[in-house]
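Below is one structure, written out as structure tokens; comments come after it.
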Amino acid sequence: MDLTLSRADYLQVGVTSQKTMKLLPTSRQRATQKVVVGDQDGVVICFGVKKGEAVPVFKTLPGQKISRLELGGAVNTPQEKIFIAAGSEIRGFTKRGKQFLSFETNLTESIKAMYISGSDLFLSASYIYNHYCDCKDQNYYLSGDKINDVICLPVEKLSRVTPVLACQDRVLRVLQGSDVMYEIEVPGPPTVLALHNGDGGDSGEGLLFGTSDGRLGLIQITTSKPIHKWEIRNDKKRGGILCVDSFDIMGDGVKDLLVGRDDGMVEVYSFENANEPVLRFDQMLSESVTSIQGGCVGKDGYDEIVLATYSGWVTGLTTEPTHKESGPGEELKLNQEMQNKISSLRSEIEHLQFKVLQERENYQQSSQSSQAKSTVPSFSINDKFTLNKEDASYSLVLEVRTAIDNVLIQSDVPIDLLDVDKNSAVVSFSSCDTESNDNFLLATYRCQANTTRLELKIRSIEGQYGTLQAYVTPRIQPKTCQVRQYHIKPLSLHQRTHFIDHDRPMNTLTLTGQFSFAEVHSWVVFCLPEVPEKPPAGECATFYFQNTFLDTQLECVYRKGEGVFKSDNISTISILKDVLSKEATKRKINLNISYEINEVSVKHTLKLIHPKLEYQLLLAKKVQLIDALKELQVHEGNTDFLTPEYRCILEEADHLQEEYIKQPAHLERLYGMITDLFIDKFKFKGTNVKTKVPMLLEILDSYDQNTLISFFDAA
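If you read the sequence shown in this note's numbering, its first letter stands for residue 1, the second for the next number, and so on.
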């Protein structure tokens, strides 16, 4: 069964945060529901929809940014009380808008996530989790990494309080009181948690999770251990998951899974065989979806998916058909309705145009007066800079409420800009003077009209570290610009992982000296991505990493006065040695550095590079042949005389060229890695082999794996 949904935009509020929109329950089934939404201006708006128009129920005054909005009430009763988290305060409103609660938690950080179950309130700031019952402190937990979301399994089904924290280090932590009962490793940093079917499923233990790299999964949280039910990989390379809900939009009696992603994709999954969900519907919006709910808002009897977007639009995807079968009388009525709507929109536009003129005049007067202060308009940017495991590139997403005019990208380290299919902006490059001002990249993206979201892909070189800056200029008057900075770390292509293979040949770097645990942790934060800013609890820390480009690995174990780093790639150890000794020198700390080099690891790394290098050389060779083969095809009129291999190249010509263009400097990058490996191998022996690099490049041009390994052994 195909699902057809029509889009209806109801209302625009201020910029919204994740999970800040809900539908209030009704006593009648499939009756229209009220929508309540909180924005970053601190305003809570509750509205219904009549004849396609939003009708407000209540609206609060502006205040602190609202980071979460949840519905609550006594257990087993309709959840119609509205709770918001703003700063470190929780406020409660009735469905009519009367405030009945103001609870100051006195947390040192702003509340990032909230969940309510009866009289239990579960809160998390960046690293702190708190559980309150009737506004009295019950339990507390300090997490080792940032907490992105918090939830509690249904108390009415399980008769026990089981909170679960979604932490940035790819772990779900299941708590009992103030202690961790057990940890669940998930494939990506979890960004959102939701109860399966809205109530934990039949057992009450079903928990859905969505990750920042776009994966979705279901886990059963038992008292002793987790049971992984299913996981959907992000094969289509869509955005990270921000919100999830369960609602029967297909109308088959089984609740479907509604998913909202940060690239604007809305998805509906149905459970056909009750085991794994199947994608039944998807629609792309132009901005990230911060909240998603299933219900009935526009018209009685027509179910819909209600969404809140980053820029504050509350939108419905409704099952109500846009073109109805109608007789002559109905048609007249519809035409009259349409005319009324058009005239009301015209008057609204005229009113807005008049208001804009007034505000512009006021601005001109205030900016020209002698007491005028700087009145630069402010705008918020929603940005994300993440490493993609699949293609070892960084994704930089910039989202602004108003249309973006242009984005200037500047970098003081060598990086490659890769093509992004979704990106319609026109890019132009400026020449850089790397000698005098450390500019390696200057690129301007000029956006088309109404572009509010821009996605860029960047590939960095390990060992080269510095800062990438994005200057964002939106289409607002007067012209204003904001700068965002992103650190390119020395080991920028490494990603946190839960396990490593201890049987690989490892090289070891050991540091000892008069440094504290916090100091050595700050060095690791400086060198590697995905490490929490705060040092972990305890006296010792262990982190595992995998290189997303080469699949080599790194183990970091450190404590006060000692740090041990192990990797199967000599170049990783060499980069760490150089950067850590530089950082220690800056702080005037004397380091004792020792290392153990495993000769076998060099051959092992070359074997890991081999399939990638072979593939890229073959791709380059095929692309070089395409023009000559096309010329032959034109002369001969057909391709029957060609060998199957050449015919295959012609058939796949477009795909091969597309892939070759998508991977600029890929071959040079691999050559660079092999060259670095060669230099680093002998650097640890105290030999300078830079004079032999031209010979190495000659061998690479006529590549043969055994010849290359022999060269490394003989040099």
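Cβ atoms here follow ideal geometry from the backbone N, Cα and C, with glycine treated the same way.
Other residues of its chain near residue i: CB distance less than 8 Å, five sequence neighbours each side excluded
| i | result |
| --- | --- |
| Thr707 | Ile699 |
| Leu606 | Ile674, Leu677, Gln705, Leu708, Ile709, Phe712 |
| Gly191 | Residue identity differs from the one stated: residue 191 is Thr in this sequence, not Gly. Excluding positions up to five away in sequence, the list reads Gln18, Asn148, Asp149, Ala166, Gly210, Thr211, Ser212, Gly240, Ile241, Leu242. |
| Ser393 | Leu387, Leu418, Lys457, Ile458, Arg459 |
Exposed unless 16 or more other CB atoms sit within 10 angstroms - verdict on residue i
| i | result |
| --- | --- |
| Met284 | exposed |
| Trp523 | buried |
| Glu359 | exposed |
| Gln477 | exposed |
| Val13 | buried |
| Leu279 | exposed |
| His655 | exposed |
| Lys566 | buried |
| Arg446 | exposed |
| Leu352 | exposed |
| Glu533 | exposed |
| Asp252 | exposed |
| Ala85 | buried |
| His196 | buried |
| Asp235 | exposed |
| Lys683 | buried |
Beta-carbon contacts of residue i that lie in its chain and below 6 Å, excluding the five residues immediately before and after
| i | result |
| --- | --- |
| Pro377 | Ile476, Thr480 |
| Leu121 | Tyr132 |
| Glu183 | Val171, Arg173 |
| Glu596 | Thr508 |
| Tyr471 | Leu408, Cys481, Val483 |
| Thr386 | Ser395 |
| Ser424 | Gln448 |
| Ile151 | Tyr115, Val164, Leu193 |
| Asp169 | Asp145 |
| Glu104 | Glu89 |
| Ser117 | Cys152, Val155 |
| Asp300 | Ala31, Thr32 |
| Ser311 | Glu287, Arg401 |
| Leu107 | Ser88, Ala125 |
| Thr315 | Asp9, Leu307 |
Which listed residue (the options) has its alpha carbon closest to that of residue i
| i | options | result |
| --- | --- | --- |
| Ser110 | Asp137, Glu70, Ile66 | Ile66 |
| Asn569 | Thr675, Glu651, Pro644 | Thr675 |
| Pro611 | Cys527, Ala628, Glu659, Leu550 | Leu550 |
| Asp713 | Tyr646, Ser601, Leu617, Glu583 | Ser601 |
| Tyr558 | Asp2, Gln546, Phe515 | Phe515 |
| Gly204 | Arg160, Glu636, Asn106, Glu583 | Arg160 |
| Ala443 | Gly52, Leu468, Cys648 | Leu468 |
| Pro505 | Glu555, Ala518, Ala537 | Glu555 |
| Ser574 | Ala86, Ser594, Glu562 | Ser594 |
| His487 | Arg459, Leu667, Ser27 | Arg459 |
| Asp149 | Leu441, Leu208, Thr318 | Leu208 |
| Leu591 | His604, Thr572, Gly561, Leu608 | Gly561 |
| Asn3 | Glu185, Leu667, Gly38, Glu304 | The sequence shown places Leu at residue 3, not Asn. Checking every option, the nearest Cα to that of Leu3 belongs to Glu304. |
| Ala665 | Ala620, Val579, Ile349 | Ala620 |
| Ile719 | Pro62, Leu511, Asp245, Asp39 | Residue 719 lies beyond the stretch modelled for the chain, which goes from 1 to 715, so this question has no answer here. |
Residues near residue i in its chain [Cβ-Cβ closer than 7 Å; skip 5 each side]
| i | result |
| --- | --- |
| Ser178 | Asn139, Tyr140, Tyr141 |
| Val531 | Val524, Val525, Phe543 |
| Ile679 | Val689, Lys690 |
| Ala653 | Ile626 |
| Asp405 | Cys447, Thr473, Pro474, Arg475 |
| query | So, do the stretch 311 to 322 and the stretch 344 to 359 have three or more beta carbon pairs nearer to each other than 8 Å? | reply | Judged by pairs of C-beta atoms under 8 Å, the stretch 311 to 322 does not touch the stretch 344 to 359, as fewer than three such pairs exist.
| task | Jot down the residue ranges of each uninterrupted beta strand (DSSP E) in the stretch 39 to 123, minimum 3 residues, whole runs only, in chain order. | result | If we require 3 residues or more, the beta strand (DSSP E) runs fully inside the stretch 39 to 123 come out as 44 to 50, 53 to 59, 66 to 72, 81 to 86, 89 to 93, 99 to 104, 113 to 117.
| query | In chain order, which continuous runs of the beta strand (DSSP E) of length 3 or greater are located wholly inside the stretch 591 to 672? | reply | 591 to 596, all fully within the stretch 591 to 672.
| said: Assess contact between the stretch 685 to 705 and the stretch 576 to 590, defined as three or more Cβ pairs (one per stretch) separated by less than 8 Å. Is contact present? | reply: Output reads no: the stretch 576 to 590 does not touch the stretch 685 to 705.
| field | Segments assigned alpha helix (DSSP H), at least 4 residues, entirely inside the stretch 122 to 183 | value | The stretch 122 to 183 contains these whole alpha helix (DSSP H) runs: 155 to 158.
| Is it true that the stretch 462 to 470 meets the stretch 416 to 434, where meeting means three or more beta-carbon pairs spaced less than 8 Å apart? | The stretch 462 to 470, when compared against the stretch 416 to 434, does not touch it at the 8 Å Cβ threshold.
| Between the stretch 285 to 303 and the stretch 28 to 38, do three or more beta carbon pairs fall short of 8 Å? | The stretch 285 to 303 is in contact with the stretch 28 to 38.
| task | Assess, as a yes-or-no matter, whether the stretch 498 to 507 is touched by the stretch 390 to 402 under the definition of 3 or more beta carbon pairs within less than 8 Å. | result | Using a C-beta cut-off of 8 Å, the stretch 390 to 402 makes no contact with the stretch 498 to 507, since fewer than three inter-stretch Cβ pairs fall below that distance.
| task | Would you check if there are 3 or more beta carbon pairs closer than 8 Å linking the stretch 84 to 97 to the stretch 44 to 62? | result | Result yes; three or more Cβ-Cβ pairs closer than 8 Å.
| query | Which ranges would you report for the beta strand (DSSP E) in the stretch 444 to 481 if only whole runs of at least 3 residues count? | reply | Listed in chain order, they are 453 to 460, 466 to 474.
| task | Taking only runs that begin and end inside the stretch 272 to 320, name each unbroken beta strand (DSSP E) of 3 or more residues, in chain order. | result | Counting whole runs of 3 or more residues, the stretch 272 to 320 contains the beta strand (DSSP E) stretches 278 to 284, 289 to 295, 304 to 309, 313 to 318.
| Mind pulling the beta strand (DSSP E) runs of 3 or more residues that sit fully within the stretch 468 to 553? | The qualifying runs are 482 to 488, 494 to 497, 507 to 513, 540 to 547.
| message | Does the contact criterion of 3 or more C-beta pairs under 8 Å hold for the stretch 48 to 55 versus the stretch 68 to 77? | response | Contact between the stretch 48 to 55 and the stretch 68 to 77 is absent, because fewer than three Cβ pairs lie under 8 Å.
| query | What are the uninterrupted segments assigned as beta strand (DSSP E) that are 3 or more residues long and contained completely in the stretch 180 to 205, given in chain order? | reply | The stretch 180 to 205 is shown to contain whole beta strand (DSSP E) runs of 3 or more residues at 190 to 195, in chain order.
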